[in-house]
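Undergrad: Residue numbers (our numbering), protein chains in the order written: chain A, 657 to 797; chain B, 657 to 797. Let me begin by handing over the structure; questions about it come next.
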DNA sequence: TTGACAAATAGGATCAAATCCTATTTACTA
DNA sequence: TAGTAAATAGGATTTGATCCTATTTGTCAA
């Protein structure tokens, strides 16, 4: 939690009971929850907390690198006709996805206990960041 | 296109003008489009084509491995409090995300021209497939 | 410690993506 | 070429995300 308070101060985010609770709830979870799930949990503690607050708070946190947004950003489902080995760079600003190829990275193999536990139908390296056009919008960490 | 017809027959999907057009449009695109974008393009050719058909068709294609769904599946935005190096396995059936750790994979480095072109703020290996509980639902490829 | 101000919240309204429903049409098989 | 199961159109519904505005609340400086 210390790092949480520190990061908030660093980015002059006010430390509100709601924000603290949102962070604690997410940290206690291992299911990579969405805003709605966290909202449901928090309603026990804050009967009036709004979903908008939870969602806005989570987005704010992710912008200043307190937490992370994982696969899926709430955006529409997107498709790829290319089934050959390739990897993706995802621009956080313009939302474009760039393909890149790297035969060395195609070779990566997850350790055998993963392969044993799950049926793996696809693997990909996913990079996040800012593309050439959006460099300037990179958040100051 | 041959492989397209072949895969359709293999899974007894009827080859309709709409399906052919959806596939052609996606294949011609390099922007990893969503259903709505493809729908807009197709309306020139098929003034009455419905968005539902486009969306349903794309999902059908992805189920039989004609195309792929990329980062984000149209599901709600999900969050992760863990900023340390780790990787994800995403179950296509139950939609759970499992963390896994692999120090060897943490070391992977995209080739330098990628690093030069983009500002990279995150990297992750994303595996897709079926978890232990959902093994049985693995689509027959 | 207090007062002022900018920032954050609640709650309802709006927007957009995805899915569902059903009548109609169509591709495939025998 | 006719029968049948599958696919489509189009509208309705659901749900996640965002917007708007009045009210509340942290924070900083005096």
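The beta-carbon is built from N, C-alpha and C at its ideal position, and this holds for glycine as well. Here the structure is a predicted model, which is why all the values come from computation and not from measurement.
Using 9 Å as the threshold, is the C-beta distance between residue 717 of chain B and residue 679 of chain B below it?
TA: Looking up residue 717 of chain B in the second chain gives position 61. Looking up residue 679 of chain B in the second chain gives position 23. For residue 717 of chain B and residue 679 of chain B, yes; Cβs fall inside 9 Å.
Undergrad: Can you tell me which of the three DSSP states residue 690 of chain A falls into?
TA: Here residue 690 of chain A refers to the residue found at position 34 when the first chain is read from its first residue. Of the three classes helix, strand and coil, the one that applies to residue 690 of chain A here is strand, per DSSP.
Undergrad: Report all residues from its chain with a CB closer than 7 Å to the CB of residue 710 of chain A; omit the five preceding and five following residues, and keep chain order.
TA: Along the first chain, read from residue 1 onward, the residue named residue 710 of chain A stands at position 54. So the list reads 678, 691, 694, 695, 698, once near-sequence residues are dropped.
Undergrad: Of all Cβ atoms in chain A, is any one closer than 9 Å to the Cβ of residue 786 of chain B?
TA: To locate residue 786 of chain B, count along the second chain from 1; it is residue 130. Yes, residue 786 of chain B counts as interfacial toward chain A.
Undergrad: In the DSSP assignment, what are the bridge partners of residue 724 of chain B?
TA: Mapped onto the second chain, residue 724 of chain B falls at position 68. DSSP output for residue 724 of chain B lists A/736 as bridge partner(s).
Undergrad: Mind checking whether residue 736 of chain A and residue 782 of chain B have CB atoms under 9 Å apart?
TA: Along the first chain, one-based indexing puts residue 736 of chain A at 80. Along the second chain, one-based indexing puts residue 782 of chain B at 126. Against a cut-off of 9 Å, the Cβ pair of residue 782 of chain B and residue 736 of chain A comes out as no contact.
Undergrad: With a threshold of 9 Å between beta-carbons, can residue 632 of chain B be considered close to chain A, or not?
TA: There is simply no residue 632 of chain B to check, as chain B begins at 657 and stops at 797 in what is shown.
Undergrad: Which residues in chain A sit within 9 Å of residue 739 of chain B, going by Cβ to Cβ distance?
TA: The residue given as residue 739 of chain B occupies position 83 in the second chain. By Cβ distance, chain A contributes 721, 722, 723, 724.
Undergrad: Buried or exposed for residue 664 of chain B, please, with buried defined as at least 16 other CB atoms from any protein chain shown within 10 angstroms of its CB.
TA: Your numbering for residue 664 of chain B matches position 8 in the second chain. Buried is the call here.
Undergrad: Run through chain A and tell me which residues come within less than 8 Å of residue 791 of chain B, C-beta to C-beta.
TA: Position 135 of the second chain, counting from 1, holds the residue named residue 791 of chain B. What residue 791 of chain B touches in chain A: 775.
Undergrad: Quick one: what's residue 744 of chain A bridged to in DSSP?
TA: Walking along the first chain from the start, residue 744 of chain A turns up at place 88. For residue 744 of chain A, which the question treats as bridged, DSSP gives the partners A/755, A/782.
Undergrad: If you compare alpha carbons, which of A/777, A/792, A/667 is closest to residue 721 of chain A?
TA: Position 65 of the first chain, counted from the first residue, corresponds to residue 721 of chain A. Per the Cα distances, A/667.
Undergrad: Please list, in chain order, the chain B residues whose beta carbon lies closer than 8 Å to that of residue 671 of chain A.
TA: Your numbering for residue 671 of chain A matches position 15 in the first chain. Under the 8 Å cutoff, chain B gives no residues; its nearest Cβ is about 17 Å from residue 671 of chain A.
Undergrad: Leaving out five residues on either side along the sequence, give the residues of the same chain with a beta carbon under 6 Å from the beta carbon of residue 714 of chain A.
TA: Residue 714 of chain A sits at position 58 when you count from the first residue of the first chain. These residues qualify, in order along the chain: 691.
Undergrad: What residues from the segment 744-762 of chain A come within 8 Å of chain B, judged by C-beta to C-beta, listed N to C?
TA: Against chain B - using a Cβ distance shorter than 8 Å - the residues of the segment 744-762 of chain A are 744, 745, 746, 747, 748, 752, 753, 754, 755, 756, 758, 760, 761.
Undergrad: Specify the secondary structure class of residue 776 of chain A as computed by DSSP and reduced to three states.
TA: Here the question's residue 776 of chain A lines up with position 120 in the first chain. Residue 776 of chain A: strand per DSSP, three-state reduction.
Undergrad: Answer with buried or exposed for residue 797 of chain A, where buried requires no fewer than 16 other C-beta atoms within 10 angstroms of its C-beta.
TA: Residue mapping note: residue 797 of chain A aligns to position 141 of the first chain, counting from 1. The predicted model places residue 797 of chain A with a pLDDT of 49, which falls under 50 and marks its position as unreliable, so this point remains unresolved.
Undergrad: How would you call residue 787 of chain B, buried or exposed, if buried means at least 16 neighbouring beta carbons within 10 angstroms?
TA: Here the question's residue 787 of chain B lines up with position 131 in the second chain. So residue 787 of chain B counts as buried.
Undergrad: Residue 659 of chain B to residue 739 of chain B, Cα distance in whole Å?
TA: As a position in the second chain, residue 659 of chain B is number 3, starting the count at 1. As a position in the second chain, residue 739 of chain B is number 83, starting the count at 1. The alpha-carbon atoms of residue 659 of chain B and residue 739 of chain B are separated by roughly 41 Å.
Undergrad: Is residue 730 of chain A near residue 778 of chain B, with beta carbons less than 9 Å apart?
TA: As a first step, residue 730 of chain A is located in the first chain; it is residue number 74 there, counting from the start. As a first step, residue 778 of chain B is located in the second chain; it is residue number 122 there, counting from the start. Cβ distance not < 9 Å, so residue 730 of chain A and residue 778 of chain B don't count as in contact.
Undergrad: Tell me, please, whether the CB atom of residue 692 of chain A is closer than 9 Å to any CB atom in chain B?
TA: The residue you call residue 692 of chain A lines up with position 36 of the first chain. Residue 692 of chain A counts as touching chain B.
Undergrad: Using DSSP with H/G/I as helix, E/B as strand and the rest coil, what is residue 797 of chain A?
TA: If you number the first chain from 1, residue 797 of chain A lands on position 141. Residue placement at residue 797 of chain A is poorly supported in this model, since its pLDDT is 49, which falls under 50; the coordinates still yield a value, given next. It is coil, neither helix nor strand.
Undergrad: Residues of chain A with CB closer than 8 Å to the CB of residue 770 of chain B, please, in chain order.
TA: Numbered from 1 along the second chain, position 114 holds the residue referred to as residue 770 of chain B. Going along chain A in sequence order, the residues near residue 770 of chain B (Cβ under 8 Å) are 745, 756, 758, 783.
Undergrad: Quick check on this structure: which residue in A/763, A/744, A/749 has the alpha carbon closest to the alpha carbon of residue 755 of chain A?
TA: For the purposes of this step, residue 755 of chain A is taken as the residue at position 99 of the first chain. Among A/763, A/744, A/749, the Cα nearest to that of residue 755 of chain A is on A/744.
Undergrad: Measuring only the C-alpha atoms, how far is residue 681 of chain B from residue 712 of chain B?
TA: Along the second chain, read from residue 1 onward, the residue named residue 681 of chain B stands at position 25. Along the second chain, read from residue 1 onward, the residue named residue 712 of chain B stands at position 56. So the two alpha carbons sit approximately 15 Å from each other.
Undergrad: Using three-state DSSP, classify residue 673 of chain A as helix, strand or coil.
TA: Taking the first residue of the first chain as position 1, residue 673 of chain A is located at position 17. Reduced to three states, the DSSP call for residue 673 of chain A is helix.
Undergrad: Reducing DSSP to helix, strand and coil, say where residue 702 of chain B ends up.
TA: Within the second chain, the letter at position 46 stands for residue 702 of chain B. Reduced to three states, the DSSP call for residue 702 of chain B is coil.
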